[in-house]
Amino acid sequence: MMFTAYFLGGTATGIVGVIIHEASHNLITGHKVMDRLMGLYTNLALPVPISQSFRRYHIEHHTWQGVEGRDPDLPLEWEKQLIDGSPFKKCMWIMIYPVMYVFRGLVLQQQWGHKPKKWEWINVAVSLVMNALVVYFCTWRGLQYLFLSLWFGYSLHPGAAHFIQEHYTFDDGQETYSYYGMLNVPFLNIGYHNEHHDFQMIPWSKLPQLRYLATEYYDSLAYHTSWFMVHWKFIFDGTMGPQSRVVRDYRTFKSGRSLLRRIHEYYNPKK
Numbered sequence: 314m315m316f317t318a319y320f321l322g323g324t325a326t327g328i329v330g331v332i333i334h335e336a337s338h339n340l341i342t343g344h345k346v347m348d349r350l351m352g353l354y355t356n357l358a359l360p361v362p363i364s365q366s367f368r369r370y371h372i373e374h375h376t377w378q379g380v381e382g383r384d385p386d387l388p389l390e391w392e393k394q395l396i397d398g399s400p401f402k403k404c405m406w407i408m409i410y411p412v413m414y415v416f417r418g419l420v421l422q423q424q425w426g427h428k429p430k431k432w433e434w435i436n437v438a439v440s441l442v443m444n445a446l447v448v449y450f451c452t453w454r455g456l457q458y459l460f461l462s463l464w465f466g467y468s469l470h471p472g473a474a475h476f477i478q479e480h481y482t483f484d485d486g487q488e489t490y491s492y493y494g495m496l497n498v499p500f501l502n503i504g505y506h507n508e509h510h511d512f513q514m515i516p517w518s519k520l521p522q523l524r525y526l527a528t529e530y531y532d533s534l535a536y537h538t539s540w541f542m543v544h545w546k547f548i549f550d551g552t553m554g555p556q557s558r559v560v561r562d563y564r565t566f567k568s569g570r571s572l573l574r575r576i577h578e579y580y581n582p583k584k
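Residue numbers (the working numbering): 314 to 584.
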């Protein structure tokens with residue numbers, strides 16, 4: 314079971330996660346409610362209800378990227394202090410990465426007084442019913458397989474390396490990274506992360522074309538060509554760890570946005 318859960322179930326779990334990501338941006342049907350339903354439907358393959366909560370937290374990540382206390386993708390302070398540069402600790406940290414992602418969301422939810430919304434409760438109910446059906450038709454062993462697949466697929470699996478690839482600073486000062494390699498084919502171009510952050514409403518199928526149209530820009534940035542090496546470098550490079558992120562405070566974020574707005578208004582004056 315372990316072998317199958319890693320290579321088959323883990324890979325399928327990663328692909329399911331990419332589809333849920335696309336649904337969170339309304340890039341499957343283009344309709345908000347329909348894409349919520351697509352997220353719920355896709356989530357049936359996972360034993361944990363993530364699609365609707367991910368939808369909320371992921372949009373917050375795009376809105377508040379790198380802003381401490383607002384971006385749910387940023388490691389918490391105690392994660393940085395505990396893990397530091399230890400290869401063993403980093404390996405263990407990657408192994409529980411799915412748990413930490415959920416935990417960070419709960420911490421921010423508590424901090425900002427957010428409560429689970431209607432669609433999140435629907436997601437929980439649907440997942441409970443689906444898990445009950447899995448146990449009924451496939452016994453507890455079937456549910457165990459799904460949990461193992463989820464754990465492998467979101468931890469030390471090549472397809473899960475994009476969680477590290479996307480925003481950990483392998484090149485000093487660069488905040489976001491893309492991966493250009495053959496695993497973009499089964500994993501629906503999730504590696505094209507700079508392109509995705511620049512143009513969030515372009516679906517996965519068009520991201521390679523976007524890179525082609527702006528090759529001189531995207532090829533000038535640091536990028537990865539191996540997800541295996543992403544994990545390897547992150548774990549065994551003593552200078553890297555959960556602290557390897559570009560972090561800004563709220564005031565700096567607002568000042569930067571204000572400056573960009575003034576520059577835009579200067580070059581595009583109202584007639």
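The beta carbon of each residue, even a glycine, is placed where N, CA and C say it ideally should be.
| request: Drop a sphere of 10 angstroms on the beta-carbon of residue 431, count the other beta-carbons inside from all chains shown, and report buried for 16 or more, exposed for fewer. | output: In the sequence shown, residue 431 corresponds to position 118, counting from 1. It is exposed - the Cβ of residue 431 has fewer than 16 other Cβ atoms within 10 Å.
| query | Secondary structure at residue 625, three-state DSSP: helix, strand or coil? | reply | As shown, the chain starts at 314 and ends at 584. That puts residue 625 outside it, with no answer to give.
| Residue nearest to residue 358 in terms of C-alpha spacing, selected from 524, 384, 426 and 463 | Translated into positions along the sequence shown, residue 358 becomes position 45. Taking only the C-alpha atoms, the option nearest residue 358 is 463.
| query | With respect to the alpha helix (DSSP H) encompassing residue 459, which residues constitute its N-terminal and C-terminal limits? | reply | Position 146 of the sequence shown, counting from 1, holds the residue named residue 459. Counting along the chain, the alpha helix (DSSP H) containing residue 459 begins and ends at 431-466.
| said: Can you find the residues in the same chain that come closer than 8 angstroms, C-beta to C-beta, to residue 331, ignoring five residues on each side of it along the sequence? | reply: Position 18 of the sequence shown holds residue 331. Closer than 8 angstroms at Cβ, skipping near neighbours: 500, 501, 503 and 517.
| In chain order, which alpha helix (DSSP H) runs of at least 4 residues are fully inside the segment 363-387? | 364-376
| field | DSSP bridge partner residues for residue 492 (one or two, in chain order) | value | To locate residue 492, count along the sequence shown from 1; it is residue 179. According to DSSP, which records beta bridges pairwise, residue 492 is partnered with 537.
| said: Give me, in chain order, the residues of the same chain whose beta-carbon lies closer than 7 angstroms to that of residue 378; leave out the 5 immediate sequence neighbours on both sides. | reply: Numbered from its first residue, the sequence shown carries residue 378 at position 65. For residue 378, where only same-chain residues beyond five positions count, the Cβ hits under 7 angstroms are 384.
| query | How would you label residue 412, buried or exposed, when you count the other beta carbons within 10 angstroms and need 16 or more for buried? | reply | Here residue 412 is taken as the residue at index 99 of the sequence shown, counted from 1. Per the 10 Å Cβ criterion, exposed.
| Counted within 10 angstroms of its Cβ, other Cβ atoms place residue 529 as buried (16 or more) or exposed | As a first step, residue 529 is located in the sequence shown; it is residue number 216 there, counting from the start. It counts as exposed.
| query | Taking the alpha helix (DSSP H) that residue 524 falls in, what are its first and last residues? | reply | One-based indexing of the sequence shown puts residue 524 at position 211. Here the alpha helix (DSSP H) through residue 524 covers 520-526.
| field | Residues of its chain near residue 362, where Cβ-Cβ distance is below 6 angstroms and the 5 sequence neighbours each way are ignored | value | Position 49 of the sequence shown, counted from the start, is the residue given in the question as residue 362. Counting only Cβ-Cβ distances below 6 angstroms, and skipping sequence neighbours, we find 436, 437 and 440.
| query | CA-CA distance, residue 468 and residue 582? | reply | Within the sequence shown, the letter at position 155 stands for residue 468. Within the sequence shown, the letter at position 269 stands for residue 582. Distance between the alpha carbons of residue 468 and residue 582: 49 angstroms.
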